[in-house]
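Structure first, commentary second.
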Amino acid sequence: MTQSNIDKIIMGANEVETWYFSPYPEEFTYSDAVYICQFLLMRHPPGNEIYRKDDLSFFEIDGRKQKKYCRNLCLLSKLFLDHKTLYYDVDPFMFYIMTKNDDVGQHIIGYFSKEKQSAEEYNLACILTLPQNQRMGKTGSPEKPLSDLGLLSYRSYWADVILEILYKYKGEILISEISDMTAICSEDIIHTLQALDMVKYYKGQYILCLSEKNMEYHEKNMKKTRIKIDPSCISWVPPKFQQHQLRFI
Numbered sequence: 547m548t549q550s551n552i553d554k555i556i557m558g559a560n561e562v563e564t565w566y567f568s569p570y571p572e573e574f575t576y577s578d579a580v581y582i583c584q585f586l587l588m589r590h591p592p593g594n595e596i597y598r599k600d601d602l603s604f605f606e607i608d609g610r611k612q613k614k615y616c617r618n619l620c621l622l623s624k625l626f627l628d629h630k631t632l633y634y635d636v637d638p639f640m641f642y643i644m645t646k647n648d649d650v651g652q653h654i655i656g657y658f659s660k661e662k663q664s665a666e667e668y669n670l671a672c673i674l675t676l677p678q679n680q681r682m683g684k685t686g687s688p689e690k691p692l693s694d695l696g697l698l699s700y701r702s703y704w705a706d707v708i709l710e711i712l713y714k715y716k717g718e719i720l721i722s723e724i725s726d727m728t729a730i731c732s733e734d735i736i737h738t739l740q741a742l743d744m745v746k747y748y749k750g751q752y753i754l755c756l757s758e759k760n761m762e763y764h765e766k767n768m769k770k771t772r773i774k775i776d777p778s779c780i781s782w783v784p785p786k787f788q789q790h791q792l793r794f795i
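Residue numbering for the sequence shown follows this note's numbering, beginning at 547 and increasing consecutively.
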């Protein structure tokens with residue numbers, strides 16, 4: 547774990563303690579706090595708005611076309627993601643920014659990034675909800691290894707989805723069937739079931755055991771306030787890239 551070189555940042559009305567090192571210019575480290583524009587110097591992200599419902603939006607940004615914005619975003623993210631190594635070579639990545647909108651502008655809630663083309667079929671590289679927006683009830687396989695926060699987020703999501711299926715499903719079900727129903731890869735399903743202590747060895751074979759504790763966990767999570775994506779509000783088609791657009795030149 548690398549020690550933070552900036553003690554805290556101030557974004558809008560939020561004063562946030564940082565967690566890890568980020569390669570900001572050295573002169574930034576001499577201050578008690580670093581002020582960072584809550585819009586990253588733009589009233590809205592410089593990309594295509596692909597989703598809007600009520601006061602929430604998602605923007606799709608090509609790292610090759612918007613280098614400065616994406617590098618600023620990566621430097622900010624590095625303060626809260628210990629495992630993040632990318633902060634300069636943003637060309638091979640697409641960024642998806644979630645914002646909360648008001649009369650002032652479109653405030654960044656968090657984002658995720660993914661490679662334009664992944665040989666390993668990863669559907670996610672980095673994911674971050676800014677600390678001031680965490681724990682507010684807002685809601686393929688990700689690139690490994692996951693960061694600490696990424697692992698917590700994905701495990702929570704995987705557990706909820708898998709338990710929901712097992713809660714409703716009666717009779718036998720295969721891991722491959724759960725994978726087909728959820729688009730979660732079999733390896734991640736198995737790891738999640740093991741983390742929930744649901745895999746048992748019985749009469750020479752492995753079985754899934756849905757305990758009372760698992761049910762209580764699931765029912766408790768289902769009572770939480772969650773905002774779900776409304777597919778009817780998405781305006782997006784998968785981007786297509788030429789070979790020269792995939793890597794940094």
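Yeah, the Cβ is synthetic: ideal placement off N, Cα and C, and Gly gets one too.
Once you ignore the five residues that flank Thr685 on each side, which residues in its own chain have a CB closer than 7 Å to its CB?
-> As a first step, residue 685 must be located in the sequence shown, where it is residue number 139. Residue confidence is low: Thr685 scores 35 on pLDDT, short of 50, so the model does not pin down where it sits. No coordinate-derived value is stated.
Taking the runs of the beta strand (DSSP E) that are 3 residues or longer, which of them lie wholly in the segment 555-581?
-> Correct list: 560-563.
Alpha carbon to alpha carbon, what distance is there between Lys624 and Leu676?
-> Walking along the sequence shown from the start, residue 676 turns up at place 130. Walking along the sequence shown from the start, residue 624 turns up at place 78. In a straight line, the C-alpha of Leu676 is about 11 Å away from that of Lys624.
Closest to Phe567 by CA distance: which of Gln652, Ser659, Leu621 and Ile730 is it?
-> Position 21 of the sequence shown, counted from the first residue, corresponds to residue 567. When each option's Cα is compared against that of Phe567, the closest is Leu621.
Leu754 - DSSP class collapsed to helix/strand/coil = The count along the sequence shown starts at 1 and reaches residue 754 at position 208. Leu754 falls in the strand class under three-state DSSP.
Can you tell me the Cα-Cα spacing of Thr728 and Glu573, whole angstroms?
-> Residue numbering aside, residue 728 sits at position 182 when the sequence shown is read from its first letter. Residue numbering aside, residue 573 sits at position 27 when the sequence shown is read from its first letter. Distance between the alpha carbons of Thr728 and Glu573 is about 48 Å.
Around the Cβ of Lys586, are there at least 16 other Cβ atoms within 10 angstroms (buried) or fewer (exposed)?
-> Taking the sequence shown and counting its residues from 1, one reaches residue 586 at position 40. First, the residue type needs correcting, since residue 586 is Leu and not Lys in the sequence shown. So Leu586 ends up on the buried side.
So, helix, strand or coil for Thr685, using DSSP?
-> By one-based count along the sequence shown, residue 685 stands at place 139. Residue placement at Thr685 cannot be trusted, given a pLDDT of 35 that sits under 50; what the coordinates show is reported in the next sentence. Here Thr685 sits in coil by DSSP.
Any chance you could list the beta strand (DSSP E) runs of at least 3 consecutive residues sitting entirely within the segment 660-735, in chain order?
-> For the segment 660-735, whole beta strand (DSSP E) runs of length 3 or above, ordered along the chain, are 668-670 and 672-675.
With respect to the alpha helix (DSSP H) encompassing Arg617, which residues constitute its N-terminal and C-terminal limits?
-> Residue 617 sits at position 71 when you count from the first residue of the sequence shown. Here the alpha helix (DSSP H) through Arg617 covers Lys613 to Lys624.
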